[in-house]
Amino acid sequence: MPLVSQAAAFGLPSLGVRAAGPRVALRAPRATDVPEARRFLRRNAEHLRPWSPVPPAGEDPSSLTEISKAILRQRREWKRGESFIFYVTDSARDDVILGRVALTGVTRGAFQNAYLGYFIDVEHQRRGLMTEAVTLATSFAFVEAHLHRVQAAVMPNNGPSMRLLERVGFRREGVAERYLQIAGRWEAHVLYAVTVEEWGGRSPAPPPPPPPPR
Ligand SMILES: CC(C)(COP(=O)(O)OP(=O)(O)OC[C@H]1O[C@@H](n2cnc3c(N)ncnc32)[C@H](O)[C@@H]1OP(=O)(O)O)[C@@H](O)C(=O)NCCC(=O)NCCS
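Numbered per my numbering, the sequence shown spans residues 20 to 233.
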């Protein structure tokens, strides 16, 4: 007998979903985001380069054309349940993009898994905002998208990202050699995952972190 996917049984999350925590909100990209998304990518080009794949020759991912195409593709994949890509915005200002969290490569059947990726604006690091955003996205994966497992891969020299995942509740699974081609090199990655059993009935967003010491 074929496996009935849980997504089909429960219905897919709508593109209008908004997941809000105390300081950030997650929502799907919209066509009207193109100029702000371009400013974000241009401002963060150097910050993101060491952690990103090299774009295809002659393609500028921060051009208006490429961003428009990407947003259309992301909305199409969302409607098909293939990926759920969110802009991270200020919870009081839905139009200000602070970062991005992605649940991609959604696989149903026996796996019920998605791959997690994320980045935040260089000027907004170390405020606990991505900890909040990843908590919201993981909760969305289990509660709204009815997945069983969320997986992430981090380069071993990316201490802040590994500590973030461990803080949120991801479990280190091991090292995958030559796993992803990042900045032009096949890089080993530390694999992390969390399943719905481990996540349990956690609240979707953690409380705000304490203020930094003076
Ligand atoms: C990795 C990355 C996403 C972290 O995002 P972030 O928003 O800075 O993460 P957080 O603020 O939630 O946590 C980072 C640190 O800030 C600290 N922090 C949290 N709130 C704080 C506050 N109010 N004041 C000072 N520090 C604070 C956290 O304790 C944490 O410290 P630690 O790393 O020493 O444990 C970000 O650096 C980034 O975008 N890097 C480039 C892209 C990238 O590496 N993506 C991931 C690829 S796997």
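Built from N, CA and C at the ideal position, the CB exists for glycine as well.
Residue i Cβ short of 7 Å to ligand 1 heavy atom set
i      : result
Ile139 : yes
Thr157 : no
Val173 : yes
Gly147 : yes
Pro179 : yes
Leu183 : yes
Trp70  : yes
Leu83  : no
Thr150 : yes
Leu199 : no
His167 : no
Gln144 : yes
Leu45  : no
Leu122 : no
Leu67  : yes
Close Cβ partners of residue i (< 7 Å) along its chain, the five nearest in sequence each way excluded
i      : result
Ala39  : Ser110
Pro179 : none
Gly19  : An answer regarding residue 19 cannot be provided, because it is not within the stretch 20 to 233 covered by the chain.
Gly219 : none
Assumed close pair residue i, residue j - CB separation to whole angstroms, cut-off 8 Å
i      : j      : result
Arg197 : Ala207 : 6 Å
Ala44  : Asp113 : 7 Å
Leu122 : Ser102 : 6 Å
Arg145 : Phe105 : Not confirmed; about 21 Å, so no contact.
Arg94  : Ser158 : Contact doesn't hold; Cβ gap of about 22 Å is too wide.
Leu67  : Leu117 : Wrong, their Cβ atoms sit about 14 Å apart, outside the cutoff.
Same chain only: Cβ atoms within 6 Å of residue i, ignoring 5 sequence neighbours per side
i      : result
Val36  : none
Val215 : Phe161, His167
Leu184 : Ala171, Tyr211
Pro175 : Val209
Ser24  : For Ser24, the pLDDT reaches just 47, beneath the cut-off of 50, and the residue's location in the model is therefore unreliable, leaving the point undetermined.
Ala195 : His208, Leu210
Ser87  : Val53
Met181 : Val173
Residues near residue i in its chain [Cβ-Cβ closer than 8 Å; skip 5 each side]
i      : result
Gly203 : Val73
Leu91  : Ala50
Met20  : Because Met20 sits at a pLDDT of 29, beneath the cut-off of 50, its placement in the model cannot be relied upon, and the following sentence gives the value as read from the coordinates. Counting only Cβ-Cβ distances below 8 Å, and skipping sequence neighbours, we find nothing.
Glu217 : Gly188, Arg190
Val115 : Glu55, Thr108, Asp109
Trp205 : Arg197, Tyr198, Leu199
Any chain B beta carbon closer than 8 Å to residue i
i      : result
Val194 : Considering every chain present, this structure includes no chain B. It has just one protein chain.
Review point. Are the segment 124 to 133 and the segment 78 to 92 in contact at 8 Å, needing three or more beta carbon pairs?
Key: At 8 Å Cβ cutoff, the stretches do not touch.
Review point. Taking three-plus beta-carbon pairs below 8 Å as touching, is the segment 50 to 61 in contact with the segment 187 to 201?
Key: The segment 50 to 61, when compared against the segment 187 to 201, does not touch it at the 8 Å Cβ threshold.
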